[in-house]
Amino acid sequence: HTDPVTHLPVDEVRYGDEAKVSAYTSPTNISMYLMGTVSAERLGFIKHEEAVQRVKGTLGTVESMEKWKGFLYNWYNTKDASPKKDWGQFVSTVDNGWLAAGLVVVRQAYPEVNEQTSQLLKAMNFAQLYDPLVGQMYGGYDVAAGQLTGWHFGMFNTEPRVASYIAIGKGDVPKEHWWKMYRTLPSDWTWQEQIPKGETVNYDGIEVFEGHYEHNGIKYVPSWGGSMFETLMPTLVLKEKKLAPEGLGLNDQRHVELQIAFAKEKSYPAWGFSPSAIPGGYTEFGVKYLGTLGYKDNGTVTPHASFLALDFAADEVRSNLKVLKDFGAYGKYGFSDSVNVLTGKVTPAYLALDQGMILVSIANYIKDGVIRNLFHQDPVGSKPEYLLKVVKFSIQ
């Protein structure tokens with residue numbers, strides 16, 4: 471499912487009645503392929519030489535791809551690595567953040583590609599996607615419109631925090647950016663799921679409202695939609711459990727516990743709610759009360775949500791995966807992307823993003839955090855560690 475010429479992974483493959491191969495890819499897909507290749511080698515699936523060959527092939531293509539100021543557009547054709555211009559030319563901050571994470575990991579895993587990865591990383595100056603007046607990252611840049619988005623990535627507990635961490639680690643943006651993101655939205659924003667409680671704390675001279683939500687006596691910092699990957703995808707590379715036991719790490723644990731509890735509340739036989747493929751498309755799912763403006767739930771469970779939780783609830787993950795296999799959600803290429811536990815309908819799709827999260831999660835769990843360790847060995851990963859250590863959420 472990776473083009474033999476461009477070495478770019480396809481976004482999605484479907485089987486059965488909806489059989490198709492989506493011959494396009496994104497920066498996040500490329501990152502998942504890079505980190506997945508490292509994971510496959512460390513797990514013994516492929517040899518070192520093959521891993522390096524694969525990574526070099528992909529990096530060579532990335533070097534030649536049309537870019538905006540060092541950043542990739544959001545969609546490219548896998549056959550010739552050309553921008554998928556019929557979908558516009560949008561430069562996504564979050565997707566380029568994940569590409570940068572993959573480059574950092576392979577730079578540490580394979581010294582043979584140091585020059586390639588370092589040049590690509592250097593060219594990605596995240597200051598170009600940062601709003602110093604607000605202290606937050608823009609959503610991205612629309613090339614056709616010639617302007618940055620009119621909105622920012624304001625929520626702290628969402629997957630773009632990896633882009634923020636890397637931007638600080640590279641020295642592209644100031645560390646105050648970490649304190650300018652919302653833990654919860656202000657209390658007077660009454661449209662959100664709950665009115666948050668908490669206190670204002672001073673970090674590096676900046677006043678931060680350390681707010682939280684609460685459900686059945688359990689306190690937590692919400693994500694935007696209440697999905698698993700918003701909260702836990704960053705843990706593929708960030709040592710939140712180890713370095714932030716009273717902050718992000720604790721909050722990660724709470725989200726896992728509450729996702730499991732939500733399934734019990736609904737009498738679902740399985741848990742794990744996160745954006746995933748469904749028949750005919752792709753939809754956002756989550757636990758509504760875990761989000762600021764929570765995503766819907768219709769009984770759709772996705773396996774990648776379980777694997778992301780391995781470091782926080784391994785026994786529950788094993789039991790959950792057995793249930794999903796009983797639904798018929800396991801096939802030739804691993805777990806299908808989703809199953810509706812109310813109808814029993816399995817979506818026979820495989821997404822580069824979700825399979826990548828699964829493979830990296832397995833490698834981290836079995837090999838003692840190998841991908842996280844590689845990321846934090848790099849100066850980009852190690853320099854901002856203080857920011858993880860010092861945060862203490864009001865959810866004790």
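So the sequence shown is numbered by our numbering: it starts at 471 and just counts up by one. By construction, the Cβ of each residue, glycine as well, lies at the ideal position given by its N, Cα and C atoms.
Per DSSP, cross-strand counterpart(s) of residue i
i	result
residue 606	601
residue 739	According to DSSP, which records beta bridges pairwise, residue 739 is partnered with nothing at all.
residue 553	546
residue 688	685
residue 730	BP columns for residue 730 are empty, so no partner.
residue 774	None; residue 774 has no bridge partner.
residue 612	560 and 617
residue 821	482
residue 625	652
residue 491	483
residue 748	751
residue 537	542
residue 676	673
residue 810	770
residue 693	761
residue 707	In the DSSP output, where bridge partners are listed per residue, residue 707 has none listed.
Among the options, the one whose alpha carbon lies nearest that of residue i
i	options	result
residue 830	496, 505 and 472	505
residue 822	490, 792, 689 and 503	503
residue 599	608, 784 and 473	608
residue 757	545, 751 and 741	741
residue 529	495, 552 and 477	477
residue 656	679, 645 and 634	679
residue 744	735, 761, 737 and 556	761
residue 556	543, 501 and 567	543
residue 499	696, 566 and 628	566
residue 779	724, 626 and 479	724
residue 541	475, 595 and 703	595
residue 784	670, 824, 836 and 558	836
residue 818	475, 489, 737 and 480	489
residue 781	748, 736, 833 and 731	833
residue 840	735, 507 and 512	512
residue 591	618, 539 and 627	539
Whole-Å CB distance - residue i paired with residue j, under 8 angstroms assumed
i	j	result
residue 726	residue 865	That pair is no contact at about 14 angstroms.
residue 687	residue 862	Not a contact, Cβ separation roughly 20 angstroms.
residue 547	residue 554	6 angstroms
residue 848	residue 577	6 angstroms
residue 728	residue 685	6 angstroms
residue 845	residue 774	With 8 angstroms as the limit, residue 845 and residue 774 do not qualify as a contact, their Cβ atoms being about 19 angstroms apart.
residue 571	residue 509	Not quite, the Cβ-Cβ distance comes to about 13 angstroms (not below 8 angstroms), so this is no contact.
residue 705	residue 711	7 angstroms
residue 480	residue 491	6 angstroms
Whole-angstrom distance between residue j and residue i, CA atom to CA atom
i	j	result
residue 826	residue 805	12 angstroms
residue 522	residue 682	44 angstroms
residue 579	residue 689	38 angstroms
residue 641	residue 616	25 angstroms
residue 482	residue 672	45 angstroms
residue 653	residue 764	15 angstroms
residue 471	residue 534	21 angstroms
residue 589	residue 759	43 angstroms
residue 665	residue 649	20 angstroms
residue 545	residue 798	32 angstroms
residue 623	residue 771	26 angstroms
residue 708	residue 787	21 angstroms
residue 614	residue 597	20 angstroms
residue 568	residue 812	34 angstroms
residue 859	residue 842	16 angstroms
residue 620	residue 658	22 angstroms
residue 768	residue 750	15 angstroms
residue 809	residue 677	44 angstroms
residue 696	residue 667	18 angstroms
residue 551	residue 495	9 angstroms
residue 606	residue 703	20 angstroms
residue 585	residue 790	43 angstroms
residue 814	residue 669	45 angstroms
residue 558	residue 857	36 angstroms
residue 851	residue 573	12 angstroms
residue 532	residue 733	41 angstroms
residue 604	residue 627	18 angstroms
Within 8 angstroms, strictly: CB atoms of residue i and residue j
i	j	result
residue 746	residue 807	yes
residue 647	residue 638	yes
residue 561	residue 611	yes
residue 549	residue 473	yes
residue 722	residue 753	no
residue 739	residue 816	no
residue 525	residue 583	yes
residue 563	residue 633	yes
residue 800	residue 820	no
residue 867	residue 755	With the chain represented from 471 up to 866, any question about residue 867 goes unanswered, as that position is not in the structure.
residue 694	residue 651	no
residue 674	residue 645	yes
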